[in-house]
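Structure first, then comments.
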Amino acid sequence: MSVLDIIKTRGSIRKYKDKPILKNDLLKILEAARLAQSAANRQPWQFIVVLDRKTKEKLMDVAHWPNSPPQSHVGQAAAVIICLGDPKACRPVGPFEGYLIDLPIAIENMALTAWELGVSSCWIGAYQEDKVKNLLGVPENLRVVSLFLLGYQDENPRPKVRKALEEIIHYEKYGQNNPE
Ligand SMILES: Cc1cc2nc3c(=O)[nH]c(=O)nc-3n(C[C@H](O)[C@H](O)[C@H](O)COP(=O)(O)O)c2cc1C
48 MSVLDIIKTR GSIRKYKDKP ILKNDLLKIL EAARLAQSAA NRQPWQFIVV LDRKTKEKLM
108 DVAHWPNSPP QSHVGQAAAV IICLGDPKAC RPVGPFEGYL IDLPIAIENM ALTAWELGVS
168 SCWIGAYQED KVKNLLGVPE NLRVVSLFLL GYQDENPRPK VRKALEEIIH YEKYGQNNPE
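Heads up: the sequence shown at position 30 corresponds to 77 in this note's numbering, and the numbers run straight through without jumps.
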């Protein structure tokens, strides 16, 4: 599959088979994170791989916004990757703390590599950071940037809904959507 084909076909999967992730698949996916680009090559990341069922269920209980129900797919996934950023280790990106830009690059590398291997994923942005940190003993100085689920799909991806190019691309200056 070409990179563009992987991008076109990948979809977030929220229902997984009860099947452990193959160690080889997991290592390739983690390697894709390790090789990601980052501002000034600071690599301000750490990842915790959670495979233990009970720990995944505890993570599920804290993977939701206040007053919303837990997301059951967190408990079902074969692996939950806790993606940690180090604010002190990164180089700023424009006005932003670089780890907030760098971590998602590593996460998307994992998502695309996983899809190529036949492993599905779902990015989880709804979680209570302090509870995740307590549960897994994450050092005070690190931030939880996302949880990332991996597993073998037990549903089809939803159809892709995306804005049209003309809605998001501008040529030469903002507001010119036509290249001529
Ligand atoms: C930063 C980020 C946070 C997300 N948080 C969640 C989440 O908490 N729960 C969930 O089920 N999906 C989550 N998603 C998945 C998105 O809903 C999904 O990527 C989007 O709807 C597009 O669908 P697709 O990935 O199937 O193309 C998140 C995705 C991103 C990039």
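All C-beta atoms in this analysis are idealised placements derived from N, C-alpha and C, irrespective of residue type, glycine included.
Asked, Found
"With a threshold of 7 Å between beta-carbons, can residue 91 be considered close to chain C, or not?", "The chain inventory of the structure shown lacks chain C, comprising one protein chain alone."
"Only counting the same chain, and skipping five residues up and downstream in sequence, which positions put a Cβ closer than 7 Å to that of residue 144?", "134, 137"
"Give the DSSP bridge partners of residue 306, in chain order.", "This structure does not reach residue 306, given that the chain is present from 48 up to 227, and the question cannot be answered."
"Does residue 172 pass the burial test, meaning 16 or more other C-beta atoms within 10 Å, or should it be called exposed?", "exposed"
"Please indicate yes or no: does the CB of residue 59 lie closer than 6 Å to some heavy atom of ligand 1?", "yes"
"Mapping the DSSP letters down to three states, classify residue 123 as helix, strand or coil.", "helix"
"Helix, strand or coil for residue 162, going by three-state DSSP, please let me know.", "helix"
"Would the C-beta of residue 170 count as close to ligand 1, meaning under 6 Å from any of its heavy atoms?", "yes"
"Going by DSSP, name the residue or residues bridged to residue 197.", "126, 168"
"Report the three-state DSSP secondary structure of residue 190 (helix, strand or coil).", "strand"
"Can you find the residues in the same chain that come closer than 8 Å, C-beta to C-beta, to residue 121, ignoring five residues on each side of it along the sequence?", "103, 106, 107, 110, 127, 171, 194, 196"
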